[in-house]
């Protein structure tokens, strides 16, 4: 059996490309033949040809049953699945097809009716306010599982029994007799909705293991999809690993205090003799300058244009005064630098450069709502719902992100743009190797840790590819 999971980020354009490349026999011949004209044996052509032949016989049989004696062309999507290992189960995320288009004239390439397969859909049926008080479907998200005919015993697109979650089109469950498959598209980032979804998902999976389902039978659970989670350093692209800046500042300060080779504190000799890397010394030397500049941050509105369509968009980008630490705040002496990329809102533009400590409260009394993430410095942030904690922990702030925990990419940007210190790629990779880490206080990190350690699930990819990097 071959099970494939794929975030297509829009099924319609993917199907268009598949129909272009696999829509006729000539394309199949090209795919099965190398550039030298010899058969391409690297993809198990014998099996592939048998798969295509079997599929063609099945289609012709159905066609002849209707007194149609002409051969029916092979469906390009079915051909694609046959050519790629004769996929048994295909799990797609972000199909972005509204429920109303399925089995209708507007359905893209008859995607719900692939010969030899059954398809099980979860579409985004949640709504947003429209004009004149009406509502409309969001038209995003969506997961679908294609399974060979006869391999699915039951299915559900409402596994959470919560319309506010089930209607988002983020989970489809299929029962394959001895095991149950959850195909999911987890919300990205860190938000209230993400933790609600993850909590409900874990509960639904546990119910299947415990036999608390329609069949009353215990099932093993397989979880696939776009999880938007990470549980080990190797999962993350090296530039996105985090650096604990405060710990480094403390390390350098401690080394300075012990250094007796320099007469003055400011003449710390770039770590020579102390074992402190030069980049750490540079960071400590310039951090106050960077912090002062960040205090001047503002979101500047900008217009962007799509060069292909000419359509314009209102965006925002973060900007700081790099000369603020020198007391130069007037227009003539200020040196403004832009940080990050163009974002849809002021909050998003500024949020990327908010490095204050963040905590949340499970039960905080009258003044602060329960389940609230709090920016300690400004006492503001987004609300979120998290796992319950013991009564002993209630009424206490629980850390979910340390202060000044910054990605290598962002830290490199700050030192280069604000204080003109440039770290080459070799230096950045050294930082990643020696200091790169995850936010192990994040609620979604703790969730996946519980699923693996307490629920007994196995990260299959990491199990078979322990050295794989940056997945």
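Numbering (this note's numbering), first residue to last: 787 to 1257. Built from N, CA and C at the ideal position, the CB exists for glycine as well.
| Item | Value |
| --- | --- |
| Out of curiosity, what's the CA-to-CA distance linking residue 981 and residue 949? | 16 Å |
| Taking just the CA atoms, how far does residue 972 sit from residue 1013? | 5 Å |
| Using DSSP's beta-bridge definition, name the partner residues of residue 1011. | 970 |
| Nearest-angstrom Cα distance between residue 1135 and residue 862? | 43 Å |
| Provide the residue span of the beta strand (DSSP E) that contains residue 1126, from first to last. | 1122-1129 |
| At which residue ranges does the segment 1079-1122 contain complete beta strand (DSSP E) runs of 3 or more residues, listed in the order of the chain? | 1084-1091 and 1098-1107 |
| Assign residue 808 to one of two classes, buried (16 or more other C-beta atoms within 10 Å of its C-beta) or exposed (fewer than that). | buried |
| Quick one: residues in its chain with C-beta nearer than 7 Å to the C-beta of residue 867, no 5 flanking neighbours on either side, listed in chain order? | 873 and 876 |
| With distance defined between alpha-carbon atoms, name the residue in 1243, 889 and 911 nearest to residue 905. | 889 |
| So residue 735 packs on residue 879, CB below 8 Å; how close in whole Å? | The displayed coordinates of the chain run from 787 to 1257. Any statement about residue 735 would go beyond what the structure contains. |
| Could you give the distance in angstroms between the alpha-carbon of residue 1237 and the alpha-carbon of residue 1244? | 9 Å |
| Report the residue ranges of all alpha helix (DSSP H) runs contained in full by the segment 1190-1235; include only those spanning at least 4 residues, in chain order. | 1194-1205 and 1211-1221 |
| Could you check which residue in 1072, 1004, 885 and 1224 has the C-alpha nearest to that of residue 955? | 885 |
| Within 10 Å of its beta-carbon, does residue 988 have 16 or more other beta-carbons around it, so buried, or fewer, so exposed? | buried |
| Which of helix, strand or coil does DSSP assign to residue 1183? | strand |
| May I ask you to report which of helix, strand or coil DSSP gives residue 1167? | The predicted model places residue 1167 with a pLDDT of 37, which falls under 50 and marks its position as unreliable; any figure quoted below should be read in that light. Coil at residue 1167, not helix or strand. |
| Contact defined as beta carbons within less than 8 Å: I believe residue 1111 pairs with residue 1064. What is the distance between those atoms, to the nearest angstrom? | Not confirmed; about 21 Å, so no contact. |
| Would residue 942 pass as a contact of residue 959 if the rule is Cβ separation under 8 Å? | yes |
| Residue range of the beta strand (DSSP E) that residue 961 falls in? | 957-961 |
| Going by other Cβ atoms of all chains shown within 10 Å of its Cβ, with 16 needed for buried, is residue 1233 buried or exposed? | buried |
| Using the beta-carbon count (16 or more within 10 Å), is residue 1108 buried or exposed? | buried |
| If you follow the beta strand (DSSP E) that residue 906 is part of, which residue opens it and which one closes it? | 903-908 |
| Span of the beta strand (DSSP E) holding residue 878? | 875-879 |
| In the structure shown, what three-state DSSP assignment does residue 1069 receive? | helix |
| Is the distance from the Cβ of residue 1200 to the Cβ of residue 1028 below 8 Å? | no |
| Buried or exposed: which applies to residue 1127, given that a residue is buried once 16 or more other Cβ atoms fall within 10 Å of its Cβ? | exposed |
| Hey, quick one: how far does the beta strand (DSSP E) through residue 932 stretch, first residue to last? | 929-934 |
| Look at residue 1193 and residue 1026 and say whether their C-beta atoms are less than 8 Å apart. | yes |
| Is residue 957 buried or exposed, if buried means 16 or more other CB atoms sit within 10 Å of its CB? | buried |
| Are the beta-carbon atoms belonging to residue 963 and residue 992 less than 8 Å from one another? | no |
| Identify whether residue 1153 lies in helix, strand or coil by the three-state DSSP scheme. | With a pLDDT of 39 at residue 1153, under the threshold of 50, the modelled position of that residue is not reliable, and no figure is offered here. |
| Just to confirm before moving on: does the CB-CB distance between residue 1066 and residue 1038 stay below 8 Å? | yes |
| Checking 8 Å against the spacing of the C-beta atoms, do residue 969 and residue 1010 come in under that value? | yes |
| Looking at the C-beta of residue 790, does it have a partner C-beta in chain D at a distance below 8 Å? | In summary, chain D is missing from the structure at hand, where a single protein chain is found. |
| If distances are taken between C-alpha atoms only, which option among 965, 1205 and 1131 comes closest to residue 1068? | 1205 |
| Can you find the residues in the same chain that come closer than 6 Å, C-beta to C-beta, to residue 795, ignoring five residues on each side of it along the sequence? | 880 |
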